Structure formats: structure tokens, C-alpha cells
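**Student:** Its first residue numbered 1426, the sequence shown is counted upward by one per residue in this note's numbering.
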Amino acid sequence: MRKLTIYLLLTIFIPLSTARAAECESACIDVYTQDGQIIIEGKKGSGPKATVKPRTVKPPKPTTVKPIFPELIPRPTATPSPKPTPKRTYKPRIKPTVKPTLKPKATSSVSLNDRLIKLLPTGGIAYQPEAEPLVNVPIYFWSDLPMQFATRVTVVGEVVDVLLRPGFVWSFGDGTFLSSKDAGGPYPNGKIKHTYKNPGIYPIILVQSWNGHWTHNGTTRAITGTIKTTVFAVVTVVIAPTRFMF
């Protein structure tokens, strides 16, 4: 039973690895992030393959068989020597010159490599009200970053679809943080809002991170790495003026 189980495992996993290697020889595609950019690389063709020279087998040497009874082999009888024949003069023949044939050069298969770089959009910070927001009054924040980045490229003749979506981490400057997949919006429908309890100047920090996947030949894979950008803004919060009436 144990030998049968090992045999079944080999028959299942070996064809899968062979198929993956054959697919990579025809076209290898990879999409990843580097230095805040999307890198799309493609390679097609596996280059020249090594040729195996046929082995030459030398023929066996002839072997001489000694007779078992040498006295039974008839001896050759003496033959009269032939009469000398007059010598003939021959003119030397001129051998034709044969030009050496050039061996054809071996042609190797061509490998194609290509690399595309895609820059992602960037967005800033907006808030409302813009002029002197008040304490204890909600301030609406948002980013003008698009909610997705989709592109279709052709690399080494292969079509690749890339799709990324952003995520947001807000720091409102008073020790409060907010993580969201929503970019926010202005009053009254915006979902990113914050209320300050004390007046002051507050630095707003927004970290935008891109994640996504890419599709090739009907197979979807996650993009390796994350692209992060950081933008800043400053909000000055004031106290509402008050007037006493007598």
C-alpha cells in the first residue's frame, strides 16, 4: 500500500511541473512593483538548445581462426613465373582541384525580452470648509486619487491586463488615525470626516497604497509588492467668535 501511494504521488506531480516548465519556455510574464512603479516583464523563447553529437561505433577487428588440423589443408602448387611484359609509358594525370565546401553556420533560436514601466497617478488632499474650520464642527476630507488603475499592455506579443486599487491611511495631526478603502468626499456625502476639540494648526498626512493583480492567458495572479505615496496638508482650526448681548 505504501509503494502504491508513492507511485500515485509521482504520477500526479510530475506532469504538473513539466507543463509549467513548457509554458515558461513559450512565454514568461511577470508583473511587480519597484521604486514606486509598475514593472511588466516578458520573455519569449528559450534560446539555443544544446545538440548531442551521435556517437561513432568502431567496427570490431577481424580475428584469424587457426585450423585445427593444418596437415589436411592442401598446399598451393608452384605456378610458372610470367614472362616479362614490355613497360608502357604513362602520362601523369592531372588531378582536378576540389574546392572545400563551407559548413553551414548553426542558427540558434531567438529569445525576446521586453520590459514596460507604468507610472501610477497621484492625488492630493482636499477638505471642506476650506477657510478657518471651527472646533467641534466636522471637517470633510477626501483625496482626488482615482479609485482604480486599469491598463492593457502587449509585451513580447502577449496581452497582459493590470488592475490596481488604492487604500488610504489618514493621520489628522491630533493623534487620530483612520484606515479606509474610500477616498472620501465633500459635504454632505463624504465618508472621511474628523472633528477637532481644540483650536490649532494640524498637519494632515495621507498614505496612499496601491495593490492589485494581473491577468495573462486567463490566469490571474497577485502583483508582487505595494506602491505607497505620501501627501501632506495643513489645517488651521479656530474658535467660533462669540458676542455677548446685554
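Just so it is clear, CB atoms sit at the ideal spot from N, CA and C, and this is done for glycine as well. Bear in mind that the values here come from a model prediction, so they are computed numbers and not experimental data.
Please work out which residues of its chain come closer than 6 Å, Cβ to Cβ, to residue 1565, disregarding the five sequence neighbours upstream and downstream, and give them in chain order.
**Tutor:** 1553, 1611, 1612, 1615, 1618
**Student:** Give me the DSSP bridge partner(s) of residue 1609.
**Tutor:** 1567
**Student:** Does DSSP classify residue 1545 as helix, strand or coil?
**Tutor:** Here residue 1545 sits in coil by DSSP.
**Student:** Span of the beta strand (DSSP E) holding residue 1631?
**Tutor:** 1625-1641
**Student:** Identify the continuous beta strand (DSSP E) that holds residue 1658 and give its terminal residues.
**Tutor:** 1652-1662
**Student:** Assign residue 1662 to buried or exposed, taking buried as 16 or more other Cβ atoms, counted over all protein chains shown, within 10 Å of its Cβ.
**Tutor:** buried
**Student:** Quick check on this structure: which residue in 1605, 1626, 1539, 1465 has the alpha carbon closest to the alpha carbon of residue 1599?
**Tutor:** 1626
**Student:** Taking C-alpha atoms, which residue in 1584, 1644, 1637 lies nearest to residue 1457?
**Tutor:** That would be 1637, whose Cα lies nearest to the Cα of residue 1457.
**Student:** Below 9 Å between beta carbons: does that hold for residue 1596 and residue 1542?
**Tutor:** A distance of 9 Å or more separates the beta carbons of residue 1596 and residue 1542.
**Student:** Starting from residue 1617, follow the beta strand (DSSP E) in both directions and report where the run begins and ends.
**Tutor:** Boundaries for residue 1617: no beta strand (DSSP E) harbours it, and the DSSP string shows neither H nor E there.
**Student:** Which residues share a DSSP beta bridge with residue 1593?
**Tutor:** 1605, 1633, per the DSSP bridge assignment.
**Student:** Put residue 1560 into one of helix, strand or coil per three-state DSSP.
**Tutor:** coil
**Student:** In whole angstroms, what separates the C-alpha of residue 1579 from that of residue 1547?
**Tutor:** 24 Å
**Student:** Do you know offhand how far residue 1544's Cα is from residue 1461's?
**Tutor:** 8 Å
**Student:** Considering only the alpha carbon of each residue, which of 1469, 1568, 1465 lies closest to residue 1657?
**Tutor:** 1568
**Student:** Smallest Cα separation from residue 1539: which of 1584, 1621, 1575?
**Tutor:** Answer by Cα proximity: 1584.
**Student:** Can you tell me whether residue 1534 is buried or exposed? The criterion is at least 16 other CB atoms within 10 Å of its CB, across all chains shown.
**Tutor:** At residue 1534 the pLDDT is 37, less than 50, meaning the model places this residue with poor confidence; the figure from the coordinates comes in the next sentence. Exposed.
**Student:** Rounded to whole angstroms, how far is the Cβ of residue 1633 from the Cβ of residue 1593, which I believe are closer than 8 Å?
**Tutor:** 6 Å
**Student:** What span of residues does the beta strand (DSSP E) with residue 1467 cover, start to end?
**Tutor:** 1462-1469
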